[in-house]
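What follows is one structure encoded as structure tokens, with my remarks underneath.
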Amino acid sequence: MNLLQNISFSNWGSTTKSVNAPSPQPSHRVDTHTESAGLEQWLSVLHLSDSALPIGAFAYSEGLESAIQLDALRTPDDLGAWWELWRIETFRFQEGPALCQLMRAINRDDWRRVKILNQELTALKPSTILRNGSHILGKRLLKTCADLYLDLPADRLDELLPTLNVLTVQATLLATQHISEDVALASFAFGRLNQSLSAALRLFALGQQAGQVLLQEQLRLIPKTVNEILEDTNSPLRSFTPRVDLLQMKHSGLYTRLFRS
22 MNLLQNISFS NWGSTTKSVN APSPQPSHRV DTHTESAGLE QWLSVLHLSD SALPIGAFAY
82 SEGLESAIQL DALRTPDDLG AWWELWRIET FRFQEGPALC QLMRAINRDD WRRVKILNQE
142 LTALKPSTIL RNGSHILGKR LLKTCADLYL DLPADRLDEL LPTLNVLTVQ ATLLATQHIS
202 EDVALASFAF GRLNQSLSAA LRLFALGQQA GQVLLQEQLR LIPKTVNEIL EDTNSPLRSF
262 TPRVDLLQMK HSGLYTRLFR S
């Protein structure tokens, strides 16, 4: 049973009344421990996937700015292809499995494994700008959430500084909030795509309507990708996107830059 199915809003009254009595009406009170815990979990998911979380993620385009300035990405269809490549390569074979493996290691209190996975995530980013950006955001997310989520093992994450990746912190937050892996993967994917859309709207003439259409097209495909990840979560982390890697590495050479990556 998934997270949404665990959240119940109805508490029907007794049906032993007279046939002449009015039909029982559902109560919309959330007054049990289980229901409250489920709602709290769901709100945590929304909070952690919100692009407004103040860690400075809005300043990073993950190579999108380079692609647009170097004419590798010109149209809404090109943006859709950029997201498609992220979904079927980076999310499917690198970030998604890493998220699951990190959550499982954290639940086992296996911090040696967490350290290894964090190092792999750094090594898989060929661009120095991307590596540094992930470490900066990881530190900021840790600082922001240490006081918000008291179950967060901040001291353990501190030991991974200064090369703490933002994905490592996200996985730790989701694991300590007891979020299921499928919901964690879906919320992570939504956050990444939504952040990329925000960057795209500032970089070229996309338009809100066209952007939302593209976003919805990808979101419809996320459940299938999540299932594929869950069927193969223990595979080695990998990703093969050479053209994207080259564009990301060229960001520092742009004449003008709106984003840090």
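Per my numbering, the very first residue in the sequence shown carries number 22; after that it's consecutive.
Ideal Cβ positions, reconstructed from N, Cα and C, are used throughout, including at glycine.
The alpha helix (DSSP H) enclosing residue i, as first and last residue numbers
i: A207; result: 202–224
i: S155; result: 149–167
i: D176; result: 175–179
i: L236; result: 229–251
i: T143; result: 132–144
i: N255; result: Element bounds for N255: n/a, residue is neither H nor E.
i: I89; result: 85–90
i: L268; result: 263–270
i: G101; result: 97–106
i: I109; result: It is not in any alpha helix (DSSP H) - I109 carries neither H nor E in the DSSP assignment.
i: T189; result: 187–197
i: A119; result: 117–128
Pair within 9 Å by beta-carbon distance, residue i and residue j
i: Q216; j: S87; result: no
i: V368; j: G117; result: Because the chain here runs from 22 to 282, residue 368 falls outside it and cannot be looked at.
i: L279; j: L242; result: no
i: V135; j: T193; result: yes
i: T254; j: R113; result: no
i: P244; j: A207; result: yes
i: V265; j: W103; result: yes
i: L240; j: T189; result: no
i: L268; j: A119; result: no
i: S195; j: K160; result: It is worth fixing the name first, because residue 195 is Leu in this sequence and not Ser. No, the Cβ-Cβ distance between L195 and K160 is not below 9 Å.
i: S273; j: I150; result: yes
i: I200; j: Q62; result: yes
i: S148; j: M270; result: yes
i: L100; j: T262; result: no
i: D172; j: L251; result: no
Outcome for residue i when other beta-carbon atoms lying within 10 angstroms are tallied against a minimum of 16
i: E83; result: buried
i: A144; result: exposed
i: L275; result: exposed
i: V234; result: exposed
i: F209; result: buried
i: S256; result: exposed
i: T64; result: For the sequence presented, residue 64 should be read as Leu rather than Thr. Burial call: exposed.
i: G228; result: exposed
i: Q230; result: exposed
i: I205; result: Sequence inspection shows Ala at residue 205; the Ile mentioned does not correspond to that position. That one is buried.
i: S282; result: buried
i: Q237; result: exposed
i: R108; result: buried
i: T111; result: buried
i: L182; result: exposed
Cα-Cα separation between residue i and residue j, rounded to whole angstroms
i: S155; j: L163; result: 12 Å
i: T165; j: L222; result: 26 Å
i: V66; j: E56; result: 15 Å
i: P75; j: V187; result: 13 Å
i: G77; j: N139; result: 21 Å
i: L123; j: R213; result: 18 Å
i: L218; j: L258; result: 26 Å
i: I137; j: A80; result: 28 Å
i: R177; j: D130; result: 10 Å
i: P97; j: G232; result: 7 Å
i: W132; j: L91; result: 41 Å
i: I127; j: A226; result: 42 Å
i: R152; j: K146; result: 6 Å
i: D168; j: C121; result: 24 Å
i: I89; j: A175; result: 38 Å
i: Y170; j: L85; result: 32 Å
i: E249; j: Q115; result: 12 Å
i: E180; j: T277; result: 36 Å
i: R95; j: F211; result: 23 Å
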